[in-house]
Each structure stands twice: as C-alpha cells, then as structure tokens.
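Remarks on the structure that follows.
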Amino acid sequence: MADDIPRRRRRPARGGSVVDQADHWDRVTAGVVLARLGPQPDARFFTPPEVAVARPLAGHLLDLPDDCPVPVLELVDQRLAEGQIDGWRYRDMPEDGDAWRRSLAGLDEDARLRHEGTGFAAIGYGDQHRLLTHVKELGSHEWYGMPASHVWSLWTRYLCAAYYAHPHAWDEIGFGGPAYPRGYLRLGLGAREPWEEPR
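And the structure:
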C-alpha cells in the first residue's frame with residue numbers, strides 16, 4: 001500500500017523542439033533560454049537535507065517522471081539564491097526563502113513523526129503523497145506556524161514557474177517559444193505560425 005500511487009511517464013514531444021528556433025531569437029533571449037538546458041550549478045540556497053526533501057516534493061506536485069529533463073529544483077534554488085522573489089507575499093507568511101526552509105523542515109518532521117523516525121526523502125512514494133495530501137487538506141489551518149493553503153500556494157507558484165520556464169516543458173504543452181524579434185503572425189485558436197510543425 002505504501003507505493004500504490006501511479007506515477008506519470010514522460011510524454012515525448014511531437015514534431016520538432018522549440019530549441020530548433022533558437023537561431024531566430026535575439027542573442028539575449030537565446031542565451032537565457034539555452035542556459036536552462038545546460039548543466040545547472042549546485043544548490044546555493046537549499047542545504048543538502050533541504051534538497052533531499054524538496055526534490056520529491058517537486059516530483060509530486062508537478063507529477064514529474066523520474067527521467068524529467070527539467071531541472072525544476074535547481075531553477076527554484078537559483079531564484080531564491082538570487083533573491084528573485086515574486087515581490088509579494090501573504091501577510092501571515094514569512095519571507096519566501098524562510099517559508100521554504102520552514103515548510104521543508106515541517107514535511108521532514110511530519111514524516112519522522114508518522115514513520116518511526118524516517119525522513120520525508122526516505123519514505124515511499126505513496127506515503128509521501130499521503131503526507132502532502134494531508135498538508136493540502138489542512139486548508140487555512142496552521143501548519144508549522146503558517147497557513148497550509150499559503151504554503152501550498154508558495155510551493156506551486158515556484159515549482160510551476162520553474163517548470164514552465166524550460167524549453168522541454170514548452171515542447172510538452174505546444175508553446176512555440178520566444179518570437180522576438182520575428183513576432184507572432186497568426187493569433188487565434190488552432191492557428192499555426194509558418195515555422196511551427198503540425199501537431
């Protein structure tokens with residue numbers, strides 16, 4: 001029963017990749033986007049124990065397959081290390097970095113309390129899923145001194161922003177990528193640009 005939660009398999013992109021269009025992007029945009037494809041630096045914000053908790057958290061909330069090519073956690077870490085926060089927060093929440101640290105420690109503590117001292121990273125996939133479901137179902141109730149719903153919002157905001165900033169995610173959802181300086185010509189549902197492959 002511990003691992004009875006089904007896991008997603010990565011869907012291959014259909015047609016070409018958005019990266020195939022990089023020659024048509026301006027130099028700055030191409031540099032930023034293509035850097036997301038290369039090796040990512042070691043964590044600068046998260047500690048190794050926090051990484052051990054945050055990686056499966058990201059896997060669950062984004063339903064990531066084990067072979068996901070998007071370095072979600074590394075992109076979140078980079079953002080927090082560089083202070084690239086959203087510019088707002090709920091009044092009853094600490095700064096984003098502190099909220100991340102406290103919530104990851106809370107997940108690990110919950111796992112240890114419920115699984116005979118075993119931390120979040122070491123319990124089974126199904127047990128991790130149930131712990132996260134418990135946090136989500138707390139709603140506005142406090143969880144480690146923060147409203148659980150606001151913690152959930154923090155996690156999903158950062159994780160989704162990191163995932164969908166990556167070209168592999170663009171391929172998965174059919175986003176054609178940056179169109180500067182060329183621009184988009186055909187706006188509307190089902191309208192494809194001349195350079196887009198049929199799907």
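The numbering of the sequence shown is UniProt numbering, which starts it at 1 and goes up by one. The C-beta atom is built at its ideal place from N, Cα and C for all residues, glycine as well.
Chain-order list of residues whose beta-carbon lies under 6 Å from that of residue i (same chain, five-residue window excluded)
i: G97; result: L80
i: I85; result: D96
Per DSSP, the bridge partner or partners of residue i
i: P181; result: W25
Closest Cα partner of residue i within the set the options
i: A99; options: V70, M146 and E74; result: M146
i: residue 225; options: D67, H134 and F120; result: No answer is possible for residue 225: it lies beyond the span of the chain, which begins at 1 and ends at 199.
i: I173; options: A165, A179 and Y180; result: A165
Start and end residues, alpha helix (DSSP H) containing residue i
i: R91; result: No alpha helix (DSSP H) contains R91, which DSSP labels as neither H nor E.
i: S140; result: First-last for S140: undefined, no H or E at that position.
i: G59; result: P48 to L61
i: T156; result: A148 to Y163
i: A169; result: P167 to I173
i: V70; result: Element bounds for V70: n/a, residue is neither H nor E.
Same chain only: Cβ atoms within 7 Å of residue i, ignoring 5 sequence neighbours per side
i: F46; result: A54 and D77
i: A169; result: V70 and Y163
i: L107; result: V53, L57, F120 and L131
Contacts around residue i, its chain only, beta-carbon distance under 8 Å, and the 5 residues preceding and following it disregarded
i: D92; result: M146, P147 and H150
i: P94; result: R102 and M146
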